[in-house]
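A short worksheet on the structure shown next.
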Amino acid sequence: MKNPLLQQFIIESRDYLQRIGEILIKLEEDGESKDLLNELFRLVHTLKGNSGLFDFPMMTKLLHASEDLMNRLREEALKYSSEIADLLLESMDIVSQMIDEIEAYDEPQLSTNEAAQEKASSIREIISVGEKPEETKKENEISESYNYSAIPEEVRMKMVKTLFEGKSITLIHYQPEKECFYKGEDPFLVARKTPEIIWGKFYLREKIEEIETFDIYSCITDFEIISTAEVETLKEHFQYVLDQIKIFKPKISALIIPQGDKNGGPVYEDFVQDFRNLLKDKNIPLLKNSLRAIKELTASNLFVASCLRWIDTLIDYIPNSMPYIEELLKSIETFEKPQFIETLEPKELERQEVKVETLEDKAKIPVEIFKPLKEQKLILEKLNTLEKEIREGVFCSVIQSLENAINFTKDIDLIGRFKSIKESSNLDNFQDIISFINELTEMKILSPERIEPPKIAEITSTQKEEKVISKPEETVATKILKVDEEKINRLMNLIGELVVAKNSLLYLSKKIDTDYEIPQLSKEMKSQYSVVNRIAEEMQDAIMQVRMIPVATVFQRFPRLVRDISKKLGKQVKLLIEGEDTEADKNVIEALGDPLIHLVRNSLDHGIETPEERINKGKPEIATITLRAKHEADRVIIQIEDDGKGIDPQKIKRKAYESGLISEETLEKLTDDEALNLIFLPGFSTKETASELSGRGVGMDVVKAMVDRFNGTVSVSSEKDRGTTITLSLPLSMAVSHVMVIETANRKYGIPMDAVFETVRLKKENIHIFKGKRTASLRGKVLPIFFLNDLLELNTVPLTNEDGEYALLVLNIRGEIAGVVVDNFLGTADIILKPFSGFLSSLRIFSGTAIMGDGSVLLIINPKELI
15 MKNPLLQQFI
25 IESRDYLQRI
35 GEILIKLEED
45 GESKDLLNEL
55 FRLVHTLKGN
65 SGLFDFPMMT
75 KLLHASEDLM
85 NRLREEALKY
95 SSEIADLLLE
105 SMDIVSQMID
115 EIEAYDEPQL
125 STNEAAQEKA
135 SSIREIISVG
145 EKPEETKKEN
155 EISESYNYSA
165 IPEEVRMKMV
175 KTLFEGKSIT
185 LIHYQPEKEC
195 FYKGEDPFLV
205 ARKTPEIIWG
215 KFYLREKIEE
225 IETFDIYSCI
235 TDFEIISTAE
245 VETLKEHFQY
255 VLDQIKIFKP
265 KISALIIPQG
275 DKNGGPVYED
285 FVQDFRNLLK
295 DKNIPLLKNS
305 LRAIKELTAS
315 NLFVASCLRW
325 IDTLIDYIPN
335 SMPYIEELLK
345 SIETFEKPQF
355 IETLEPKELE
365 RQEVKVETLE
375 DKAKIPVEIF
385 KPLKEQKLIL
395 EKLNTLEKEI
405 REGVFCSVIQ
415 SLENAINFTK
425 DIDLIGRFKS
435 IKESSNLDNF
445 QDIISFINEL
455 TEMKILSPER
465 IEPPKIAEIT
475 STQKEEKVIS
485 KPEETVATKI
495 LKVDEEKINR
505 LMNLIGELVV
515 AKNSLLYLSK
525 KIDTDYEIPQ
535 LSKEMKSQYS
545 VVNRIAEEMQ
555 DAIMQVRMIP
565 VATVFQRFPR
575 LVRDISKKLG
585 KQVKLLIEGE
595 DTEADKNVIE
605 ALGDPLIHLV
615 RNSLDHGIET
625 PEERINKGKP
635 EIATITLRAK
645 HEADRVIIQI
655 EDDGKGIDPQ
665 KIKRKAYESG
675 LISEETLEKL
685 TDDEALNLIF
695 LPGFSTKETA
705 SELSGRGVGM
715 DVVKAMVDRF
725 NGTVSVSSEK
735 DRGTTITLSL
745 PLSMAVSHVM
755 VIETANRKYG
765 IPMDAVFETV
775 RLKKENIHIF
785 KGKRTASLRG
795 KVLPIFFLND
805 LLELNTVPLT
815 NEDGEYALLV
825 LNIRGEIAGV
835 VVDNFLGTAD
845 IILKPFSGFL
855 SSLRIFSGTA
865 IMGDGSVLLI
875 INPKELI
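Residue numbering for the sequence shown follows my numbering, beginning at 15 and increasing consecutively.
Okay, structure coming up:
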């Protein structure tokens, strides 16, 4: 996807959809919350508006229907219910699917569009059922009444002319919502971009009492706009604010409103009689002369003068305008407003006299292009004096400038003539162009009033006229910067390479000291290593902070999951979320998604009892599941806790034995705590038959695999009829690993520091054999002892130091302590772990490899698979 605007739309839409889902679920508990309903409406309204920027009509249609339903809820015409929640949640699911398909295929798929259409129809049915009889009027029904006298007379005359010419005239009253700015709407821009606008005004619908306390982010401005566009075109333009507009279709009789002082002026009886005689004789030229003469004798502010101006406007449309002229003549006689008969409104009006554009009118050019023409002519006249190398470039530039100026006139004849002259001209022959410019500059200049208005029309204010000087928008520093994930990953790779390069400094320092015997240089290099190491660690920490995201990004999907599954199972469950602001590396957080889904589903299906069972046990009817996150040292701890029936260890052991997952000997030895961990075995399930939710024996295995992949741990604690708690412990980051480098059988290996409990020296005679196993006592505790050479099947004997002591690495593996004998400790190192791929990925005993500072490859041991 290359469109950055579309990418931004996808990102923002997912944020909106997530919040919409949260509110819909909250509303089931508090369906009368005005704040939640208003926020919900604003979110859907904004999402609908954003979708309108792109060609996704079905998405917009579904969102518009959802918005209308939410508006009915706000108006309390409908009551929020579980059924409406289901309908709206399903609608948002469809929108979410559309967003995914747009990201993948640049547009929603046909089946999804059909689903959106069907869901929108279902919502419309719900809305229609909840409507009152008086509310069943067609949306945006064309209104009849409007005070057209507030429109300037010259504008109304223009409207009448347009109607007599058989064109459409529509008046729009646009009343933006007060909070429209918070939705990203720009009412002024919407109004100015109204198609085919011929006039408009804006005004404040509320009086500002005190300017100091006025909320500048509250919109109290109304707009009135007159357009020659068709109603459907206007509705399409205002499609996202249709509930905020009223549409009026003016009639000619409503627009002809003579205004002015009814006192004063000459006597008009003779004029009226003569005018009627001329009308009867259809002597139009003489009519116009007579009208012009009487107008000159009449003050422009008089009522009669207004009647004369209207007659002058209508005279070009005789005979269709005859009824209106007659009524105006009566008004001149009686000084009363004309009484037009509505049946006289023409349905199809044809002009009887067409005004022909004269040659003089045609031969005028806009004043704006006059100066550019003269400038380009001057350049052409001096073209031959320029150097030959730049002459061609200048000539092409002049031609382009002239072409732009001629196109500005919008005169087809001029544009065609210039095109013909341009094609016949070249660098050596451009006299025709100069002559053409001379001809144009001799034409009459078209006044600015005659210039065709730009597509974005000006809207005049009815308030006191003031000069407004637009100020450049002040740059506001943003607190959040959205960066492509690939750029962050590149930074992580670079910091990894820096760590490897940093480690090489110690190797070089040692080599300089031992091989080249330059201790002073070695010392200085170690000093610089400390500086580089500090900077590298700070950079690593800074970049890791960029990658850290809160667990809320995963937790926020579970209210919906718990709601839907508990409803399907007929259980009542309340979900509590704690510590959602806890942060961890993006990869770790994203990997939590699937395991947590399995854990929550198992808790709902296996752990939580039905309401009847809970009541019989003396428990609250509504069960509780708690999702909890917190930090412990450099790890993130995730807990899923429920107050259900718990896990029966005996049942677990029996089921594992019956399924052939453990032997009879193991069955007898297992403690209750160990038995709980059997739920993570592949294929284990306590259900006899598989259902849509569980019973296949793969859920908890997925959890265990994910935790192991991220070098984490998972533990279970449970008490019968009290509930179960499952705890996941994961590293905060997987980017740079800290390992202890050890040596055995002349080979170097790395052990993750997370697993290292301590390192000690153990005398050879302190190791004892008990039941065929090596053991040793360390600080009063018996430890199993393993030789690393034996574990790795290296046929060598472990080495001791001069005092006959083994190097013992004490490891903490899944909460248990064990000792591993190695030949030597070589210190610690920061490494970039590269997991095995392909065939080698089956070697579970190794986590992967790392490149050391001297270029050697270090195998990293996986302690969990070692013992």
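Backbone N, C-alpha and C fix where the C-beta goes; we use that ideal spot for every residue, glycine too.
query                                                                                                             : result
Supposed contact pair I509 and T567 - C-beta distance, whole angstroms, cut 8 Å                                   : Not quite, the Cβ-Cβ distance comes to about 23 Å (not below 8 Å), so this is no contact.
Sequence-distant residues of the same chain with beta carbon closer than 6 Å to E341, five excluded per side      : P352 and F354
Helix, strand or coil at K294 [DSSP, three-state]                                                                 : helix
DSSP beta-bridge partners of Q445                                                                                 : Q445 is not bridged to any residue.
Classification of Y217 by the beta-carbon crowding that lies within 10 angstroms, buried from 16 upward           : exposed
Cα-Cα separation between I39 and P573, rounded to whole angstroms                                                 : 7 Å
Nearest residue (CA-CA) to F289, options H251, I329, E244 and F409                                                : I329
For K151, the three-state DSSP class (helix, strand or coil)                                                      : Because the pLDDT of K151 is 42, which lies under 50, any placement of that residue in the model is unreliable, and the question is left without a value.
For N826, the first and last residue of its enclosing beta strand (DSSP E)                                        : E819 to I827
Between the CA atoms of I652 and L610 - distance to the nearest angstrom                                          : 9 Å
Completely contained alpha helix (DSSP H) runs for the stretch 559–620, where each covers 4 or more residues      : 566–569, 572–583, 600–605 and 607–616
For N418 and D425, the rounded distance between their alpha carbons                                               : 12 Å
Whole alpha helix (DSSP H) elements within the stretch 754–827, 4-residue minimum                                 : 802–805
Which of helix, strand or coil DSSP assigns to F853                                                               : helix
Rounded straight-line distance, which links the Cα of I34 to that of L873                                         : 49 Å
C-alpha gap between A790 and I549, whole angstroms                                                                : 43 Å
Boundaries of the alpha helix (DSSP H) in which S96 is found, first to last residue                               : S96 to Y119
7 Å Cβ shell around T596 - same chain, five flanking residues per side excluded                                   : P564, V565, A643, K644, H645 and V650
Between the CA atoms of D100 and K659 - distance to the nearest angstrom                                          : 29 Å
Three or more C-beta pairs below 8 Å linking the stretch 169–189 and the stretch 255–270                          : yes
Coil, strand or helix - D427 by DSSP                                                                              : helix
For P745, the residue or residues it bridges with in DSSP                                                         : R649
Reduced DSSP secondary structure (H/G/I, E/B, other) of V513                                                      : helix
With 16 other Cβ atoms within 10 Å as the buried cut-off, status of D599                                          : buried
Segment limits, alpha helix (DSSP H) that includes L880                                                           : P877 to L880
Element boundaries [beta strand (DSSP E), containing K683]                                                        : Looking at the DSSP string, K683 is not in any beta strand (DSSP E); the run it does join, the alpha helix (DSSP H), is E678 to K683.
According to DSSP, residues forming a beta bridge with W213                                                       : I240
Other residues of its chain near K146: CB distance less than 6 Å, five sequence neighbours each side excluded     : Confidence at K146 is low in this model, with a pLDDT of 47, below 50, so its placement is unreliable and the value that follows should be read with caution. Once the five neighbours on either side are set aside, K146 has no close Cβ partner at all.
Through-space distance from I502 to N630, alpha-carbon basis                                                      : 55 Å
Beta-bridge partners of E733, as assigned by DSSP                                                                 : G737
C-alpha distance - I654 paired with D648, whole-angstrom precision                                                : 20 Å
DSSP-derived helix/strand/coil call for D275                                                                      : strand
Nonlocal neighbours in the same chain, by C-beta distance under 8 Å from V716, ignoring five residues either side : D608, P609 and H612
Which residues DSSP lists as bridging A864, in chain order                                                        : L872
Span of the alpha helix (DSSP H), counted from its first residue to its last, around A205                         : P201 to R206
Beta-carbon proximity of T640 to E594, cut-off 8 Å                                                                : no
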